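Numbering (the working numbering), first residue to last: 2 to 247.
What follows is the structure, given as C-alpha coordinates:
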(Lines of atoms letter the chains of each structure in order from A and count residues from 1; the text may use other names and numbers.)
(Lines give C-alpha, C1' and ligand atoms only; values in the text may rest on other atoms or scores of the structure.)
Protein backbone atom coordinates (compact mmCIF):
# COMPACT_ATOMS: atom_id res chain seq x y z
CA UNK A 1 0.00 0.00 0.00
CA UNK A 2 1.21 3.48 -0.85
CA UNK A 3 1.49 5.66 2.23
CA UNK A 4 2.68 8.87 0.56
CA UNK A 5 0.75 12.11 0.20
CA UNK A 6 -2.37 12.06 -1.91
CA UNK A 7 -0.90 14.78 -4.11
CA UNK A 8 1.99 12.43 -4.91
CA UNK A 9 -0.43 10.06 -6.60
CA UNK A 10 -1.28 12.66 -9.23
CA UNK A 11 1.16 13.06 -12.13
CA UNK A 12 2.75 16.55 -12.13
CA UNK A 13 1.13 17.45 -15.44
CA UNK A 14 -2.37 16.85 -14.07
CA UNK A 15 -2.06 18.49 -10.66
CA UNK A 16 -4.08 21.65 -10.19
CA UNK A 17 -1.96 24.64 -9.28
CA UNK A 18 -2.76 26.10 -5.87
CA UNK A 19 -2.70 29.85 -5.22
CA UNK A 20 0.32 30.97 -3.26
CA UNK A 21 -0.61 31.77 0.34
CA UNK A 22 1.31 33.84 2.84
CA UNK A 23 1.80 32.44 6.30
CA UNK A 24 0.49 34.56 9.19
CA UNK A 25 4.05 35.63 9.95
CA UNK A 26 4.73 36.60 6.33
CA UNK A 27 1.52 38.60 6.26
CA UNK A 28 2.48 40.38 9.47
CA UNK A 29 5.93 41.30 8.13
CA UNK A 30 4.46 42.73 4.92
CA UNK A 31 1.38 44.40 6.40
CA UNK A 32 2.79 46.13 9.48
CA UNK A 33 4.93 48.62 7.49
CA UNK A 34 1.63 49.99 6.14
CA UNK A 35 0.09 50.43 9.61
CA UNK A 36 1.10 54.09 9.86
CA UNK A 37 -0.52 54.91 6.53
CA UNK A 38 -3.64 53.00 7.52
CA UNK A 39 -3.81 54.85 10.83
CA UNK A 40 -3.36 58.25 9.14
CA UNK A 41 -6.34 57.58 6.88
CA UNK A 42 -8.37 56.01 9.69
CA UNK A 43 -7.78 59.04 11.92
CA UNK A 44 -9.00 61.42 9.24
CA UNK A 45 -12.02 59.18 8.67
CA UNK A 46 -13.08 58.78 12.29
CA UNK A 47 -11.53 61.96 13.80
CA UNK A 48 -10.93 60.00 17.02
CA UNK A 49 -7.62 58.33 17.90
CA UNK A 50 -9.25 55.42 19.74
CA UNK A 51 -11.67 54.73 16.88
CA UNK A 52 -8.83 54.98 14.37
CA UNK A 53 -6.78 52.42 16.29
CA UNK A 54 -9.77 50.06 16.46
CA UNK A 55 -10.36 50.51 12.74
CA UNK A 56 -6.74 49.67 11.88
CA UNK A 57 -6.72 46.64 14.17
CA UNK A 58 -9.92 45.33 12.63
CA UNK A 59 -8.51 45.96 9.15
CA UNK A 60 -5.34 43.99 9.86
CA UNK A 61 -7.31 41.16 11.46
CA UNK A 62 -9.64 40.95 8.46
CA UNK A 63 -6.65 41.06 6.14
CA UNK A 64 -4.98 38.20 8.02
CA UNK A 65 -8.12 36.07 7.84
CA UNK A 66 -8.64 36.85 4.15
CA UNK A 67 -4.98 36.67 3.08
CA UNK A 68 -5.83 33.77 0.77
CA UNK A 69 -7.72 36.33 -1.35
CA UNK A 70 -4.65 38.52 -1.78
CA UNK A 71 -2.58 37.88 -4.89
CA UNK A 72 1.07 37.90 -3.89
CA UNK A 73 3.06 40.41 -5.89
CA UNK A 74 0.23 42.94 -6.18
CA UNK A 75 -0.36 46.09 -4.13
CA UNK A 76 -0.84 45.01 -0.51
CA UNK A 77 -1.26 48.59 0.68
CA UNK A 78 -4.10 49.18 -1.78
CA UNK A 79 -5.72 45.89 -0.75
CA UNK A 80 -5.56 46.85 2.94
CA UNK A 81 -6.90 50.34 2.18
CA UNK A 82 -9.89 48.74 0.50
CA UNK A 83 -10.56 46.65 3.62
CA UNK A 84 -10.11 49.74 5.81
CA UNK A 85 -12.52 51.80 3.72
CA UNK A 86 -15.16 49.09 3.56
CA UNK A 87 -14.90 48.52 7.30
CA UNK A 88 -15.29 52.24 7.96
CA UNK A 89 -18.31 52.48 5.69
CA UNK A 90 -19.96 49.45 7.30
CA UNK A 91 -19.18 50.41 10.89
CA UNK A 92 -19.48 54.20 10.88
CA UNK A 93 -20.73 55.73 7.71
CA UNK A 94 -23.77 53.56 7.12
CA UNK A 95 -24.49 53.35 10.82
CA UNK A 96 -24.35 56.99 11.84
CA UNK A 97 -23.87 59.24 8.84
CA UNK A 98 -26.23 60.07 6.03
CA UNK A 99 -24.66 59.04 2.74
CA UNK A 100 -24.55 61.89 0.26
CA UNK A 101 -24.95 61.10 -3.40
CA UNK A 102 -22.29 63.10 -5.20
CA UNK A 103 -22.81 63.12 -8.92
CA UNK A 104 -21.26 65.21 -11.61
CA UNK A 105 -19.38 64.90 -14.87
CA UNK A 106 -16.21 62.90 -15.16
CA UNK A 107 -13.27 65.28 -15.18
CA UNK A 108 -9.52 65.06 -15.31
CA UNK A 109 -8.16 66.21 -11.94
CA UNK A 110 -4.60 66.19 -13.27
CA UNK A 111 -5.29 69.60 -14.80
CA UNK A 112 -6.05 71.05 -11.36
CA UNK A 113 -2.87 71.98 -9.52
CA UNK A 114 -3.94 72.79 -5.97
CA UNK A 115 -0.91 72.39 -3.72
CA UNK A 116 2.56 71.12 -4.42
CA UNK A 117 3.63 67.50 -4.35
CA UNK A 118 6.21 68.47 -1.75
CA UNK A 119 3.51 69.72 0.59
CA UNK A 120 1.49 66.52 0.43
CA UNK A 121 4.64 64.43 0.73
CA UNK A 122 5.24 66.08 4.10
CA UNK A 123 2.12 64.32 5.37
CA UNK A 124 3.64 60.96 4.42
CA UNK A 125 7.36 61.47 5.03
CA UNK A 126 8.47 60.07 8.42
CA UNK A 127 11.34 62.59 8.40
CA UNK A 128 8.90 65.50 8.46
CA UNK A 129 7.68 65.00 12.03
CA UNK A 130 8.68 68.54 13.00
CA UNK A 131 6.47 70.03 10.29
CA UNK A 132 3.42 67.88 10.90
CA UNK A 133 1.98 69.99 13.75
CA UNK A 134 2.14 73.02 11.45
CA UNK A 135 0.57 71.17 8.55
CA UNK A 136 -2.03 69.67 10.87
CA UNK A 137 -3.24 73.09 11.94
CA UNK A 138 -4.13 74.18 8.41
CA UNK A 139 -4.18 71.31 5.95
CA UNK A 140 -5.75 68.67 8.16
CA UNK A 141 -8.39 71.09 9.43
CA UNK A 142 -9.22 71.87 5.82
CA UNK A 143 -9.32 68.15 5.01
CA UNK A 144 -11.68 67.51 7.91
CA UNK A 145 -14.04 70.19 6.66
CA UNK A 146 -14.58 68.50 3.29
CA UNK A 147 -17.75 66.49 2.63
CA UNK A 148 -17.19 62.83 3.52
CA UNK A 149 -16.81 61.37 0.03
CA UNK A 150 -14.64 64.23 -1.24
CA UNK A 151 -12.39 63.90 1.81
CA UNK A 152 -12.01 60.16 1.32
CA UNK A 153 -11.05 60.59 -2.34
CA UNK A 154 -8.39 63.19 -1.47
CA UNK A 155 -7.02 61.02 1.35
CA UNK A 156 -6.71 57.89 -0.75
CA UNK A 157 -5.35 59.44 -3.96
CA UNK A 158 -3.41 62.53 -2.89
CA UNK A 159 -2.22 61.60 0.60
CA UNK A 160 -1.84 57.82 0.30
CA UNK A 161 -1.04 57.86 -3.44
CA UNK A 162 -3.41 55.09 -4.47
CA UNK A 163 -4.23 54.88 -8.15
CA UNK A 164 -7.71 55.87 -9.33
CA UNK A 165 -8.52 52.18 -9.80
CA UNK A 166 -7.32 51.27 -6.30
CA UNK A 167 -9.26 54.16 -4.77
CA UNK A 168 -12.36 53.16 -6.75
CA UNK A 169 -12.09 49.60 -5.43
CA UNK A 170 -11.64 50.91 -1.90
CA UNK A 171 -14.61 53.29 -2.14
CA UNK A 172 -16.82 50.84 -4.03
CA UNK A 173 -17.58 53.19 -6.92
CA UNK A 174 -16.54 53.69 -10.58
CA UNK A 175 -13.22 55.32 -11.44
CA UNK A 176 -15.07 58.27 -12.97
CA UNK A 177 -16.84 58.93 -9.69
CA UNK A 178 -13.51 58.94 -7.85
CA UNK A 179 -12.11 61.45 -10.36
CA UNK A 180 -15.16 63.67 -10.01
CA UNK A 181 -15.06 63.62 -6.20
CA UNK A 182 -11.31 64.19 -6.24
CA UNK A 183 -11.69 67.17 -8.57
CA UNK A 184 -14.34 68.77 -6.37
CA UNK A 185 -12.50 67.94 -3.16
CA UNK A 186 -9.30 69.50 -4.49
CA UNK A 187 -11.13 72.66 -5.52
CA UNK A 188 -12.74 73.04 -2.10
CA UNK A 189 -9.51 72.27 -0.27
CA UNK A 190 -7.53 74.67 -2.42
CA UNK A 191 -9.95 77.50 -1.69
CA UNK A 192 -9.87 76.90 2.05
CA UNK A 193 -6.07 76.77 2.15
CA UNK A 194 -5.83 79.98 0.15
CA UNK A 195 -8.24 81.68 2.55
CA UNK A 196 -6.02 80.71 5.47
CA UNK A 197 -2.90 81.91 3.67
CA UNK A 198 -4.49 85.25 2.80
CA UNK A 199 -5.23 85.73 6.49
CA UNK A 200 -1.46 85.61 7.11
CA UNK A 201 -0.86 88.33 4.55
CA UNK A 202 0.76 86.52 1.62
CA UNK A 203 -0.10 84.39 -1.37
CA UNK A 204 -1.00 87.07 -3.89
CA UNK A 205 -4.24 88.91 -4.55
CA UNK A 206 -7.27 87.62 -2.61
CA UNK A 207 -9.43 85.09 -4.38
CA UNK A 208 -13.19 85.67 -4.74
CA UNK A 209 -15.33 84.73 -1.77
CA UNK A 210 -16.64 81.16 -1.75
CA UNK A 211 -20.22 80.58 -2.78
CA UNK A 212 -22.71 78.37 -0.92
CA UNK A 213 -21.25 75.18 -2.42
CA UNK A 214 -17.66 76.14 -1.72
CA UNK A 215 -16.92 77.10 -5.34
CA UNK A 216 -15.36 80.47 -6.10
CA UNK A 217 -17.76 83.09 -7.42
CA UNK A 218 -16.68 84.94 -10.53
CA UNK A 219 -13.24 86.45 -11.07
CA UNK A 220 -13.38 89.29 -8.55
CA UNK A 221 -10.13 89.91 -6.72
CA UNK A 222 -7.85 88.67 -9.50
CA UNK A 223 -5.50 90.86 -11.44
CA UNK A 224 -6.37 91.50 -15.07
CA UNK A 225 -5.54 88.42 -17.11
CA UNK A 226 -4.77 86.36 -14.02
CA UNK A 227 -6.25 82.95 -13.41
CA UNK A 228 -7.13 81.14 -10.23
CA UNK A 229 -3.96 79.10 -10.68
CA UNK A 230 -1.90 82.32 -10.62
CA UNK A 231 -3.26 83.21 -7.19
CA UNK A 232 -2.42 79.91 -5.52
CA UNK A 233 -0.46 80.21 -2.32
CA UNK A 234 3.08 78.90 -2.09
CA UNK A 235 2.69 76.50 0.82
CA UNK A 236 6.45 76.07 1.12
CA UNK A 237 6.67 79.79 1.93
CA UNK A 238 3.60 79.40 4.11
CA UNK A 239 5.25 76.64 6.12
CA UNK A 240 8.53 78.57 6.45
CA UNK A 241 6.76 81.67 7.72
CA UNK A 242 4.88 79.60 10.28
CA UNK A 243 8.16 78.06 11.47
CA UNK A 244 9.77 81.49 11.84
CA UNK A 245 6.74 82.73 13.77
CA UNK A 246 6.94 79.93 16.35
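Don't be surprised by glycine CBs; every beta carbon is placed ideally from N, CA and C. Please read these numbers as outputs of a predicted model, since none were measured by experiment.
Rounded to the nearest angstrom, what separates residue i and residue j at their Cα positions?
i	j	result
residue 165	residue 192	23 Å
residue 182	residue 141	18 Å
residue 81	residue 91	15 Å
residue 160	residue 35	13 Å
residue 148	residue 186	8 Å
residue 29	residue 40	16 Å
residue 184	residue 173	18 Å
residue 26	residue 155	32 Å
residue 176	residue 170	8 Å
residue 163	residue 24	26 Å
residue 74	residue 86	22 Å
residue 178	residue 188	15 Å
Can you name, in chain order, every residue of its own chain whose Cβ lies under 8 Å from the Cβ of residue i, other than the five neighbours on each side?
i	result
residue 50	44
residue 77	31, 32, 35, 71
residue 88	56, 59, 60, 63
residue 84	60, 63, 64, 67
residue 167	76, 79, 82, 83, 157
As a quick exercise: from the options, pick the residue whose alpha carbon is nearest that of residue i.
i	options	result
residue 190	153, 178, 74, 59	153
residue 69	150, 145, 22	22
residue 46	74, 150, 26, 27	150
Skipping 5 residues on each side, what residues in its chain have a beta carbon closer than 7 Å to that of residue i?
i	result
residue 1	The chain is shown only over 2 to 247; residue 1 falls outside these bounds and no answer can be derived.
residue 38	78, 161
residue 146	193
residue 53	40, 43, 44, 47
Mind checking whether the beta-carbon of residue i lies closer than 6 Å to any heavy atom of the ligand NAD?
i	result
residue 66	Looking for the ligand NAD in the displayed structure turns up nothing, as the structure carries no ligands at all.
Would you mind listing the beta strand (DSSP E) stretches within the stretch 29-105 that are 3+ residues and don't spill past its ends, in chain order?
Entirely contained in the stretch 29-105, not one beta strand (DSSP E) run reaches 3 residues.
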